[in-house]
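Numbering (my numbering), first residue to last: 3 to 310.
The C-beta atom is built at its ideal place from N, Cα and C for all residues, glycine as well.
Right, one structure below, let's go through it.
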């Protein structure tokens, strides 16, 4: 497994562009990667991240530029661009080259896929199950299609469950790492969506247990994370939408995790109760009961806020 790390400071404006480049690199590489993020100004940042400017990308603890930790002015790192100009983020080519170089050094690539990537005539229009069957045969393009198709849904699922972008990104990466590791055991006759969300649900349950063991952790959210800005909205409409979404997200976060999970899958993912039951491995009646209790609690919370 190839470890990719994004190191950043919370006051650096170049973090989001670097994060977007990393997502694109993960799609293009078609290799099993474990992506983690470390905030340099956080007390729990590991020792090997110290001294780097923001943002820095490490592949197996090595700077992708080949450099050593170097402090920088105003906390933001400067990279040389392709035309000799200065830029605040590494290039996509630098990230991909470092990942593939590390894969060659370690021979840590999927069975049947050479570093140059084995690609077949797969189509984005193929159903999930056909794409997964192609990936079982070593087609990296099929993996990319599945990654692109489920990226927003899985990331959104984890965001709504934990309200933390770093945790959501980590759990999303771990989900697809498990997809890779378990690819030979996947049955193409089974729904891929049910299978992959089953993996995600299990990872979420493990994370929830870990957070309960840490008394300092708490669910939290901000309206900015709940709603993306719509260019068609007026500033007043955008403000009201964010305010409303913030109230709903806060109310949702106050529910027990078991009720919150069912509501996210039902209301946000648009799944039916039988589909949720299949995904979670539970009876339909039990899922409906949890949803009923959750929706009732949400309504009670929101109604009480309106009456204030």
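- With distances taken between CA atoms, residue 53 lies nearest to 11 out of 282, 11, 209 and 198.
- When the Cα atoms are used, residue 103 and residue 97 turn out to be separated by approximately 10 Å.
- In this structure, residue 281 places its C-beta atom within 9 Å of the C-beta atom of residue 267.
- According to DSSP, residue pairing for residue 60 in a beta bridge involves 7 and 65.
- For residue 292, the CB contacts under 7 Å within the same chain, skipping 5 residues up- and downstream, are 260, 261 and 264 in chain order.
- In this structure the region 132-140 does not lie against the region 155-167, because fewer than three pairs of beta carbons, one per stretch, are closer than 8 Å.
- The DSSP-derived three-state label of residue 188 is coil.
- Note that the region 199-209 touches the region 165-178; at least 3 beta-carbon pairs, one per stretch, sit closer than 8 Å.
- The Cβ atoms of residue 42 and residue 21 lie no closer than 9 Å to each other.
- Restricting attention to 159, 302, 200 and 91, the CA atom closest to the CA of residue 277 is found in 200.
- Beta-carbon to beta-carbon, residue 257 and residue 299 are separated by about 6 Å, close enough to satisfy the 8 Å threshold.
- Looking from the CA of residue 4, the closest CA among 185, 31 and 19 belongs to 31.
- The Cβ atoms of residue 37 and residue 28 sit closer than 9 Å to each other.
- Looking at the DSSP output, residue 40 shares a beta bridge with 9.
- Per DSSP, the beta-bridge partners of residue 89 are 81.
- When the Cα atoms are used, residue 167 and residue 302 turn out to be separated by approximately 28 Å.
- Relative to residue 17, the option among 99, 92, 197 and 49 whose CA is nearest is 92.
- For residue 273, the three-state secondary structure derived from DSSP is coil.
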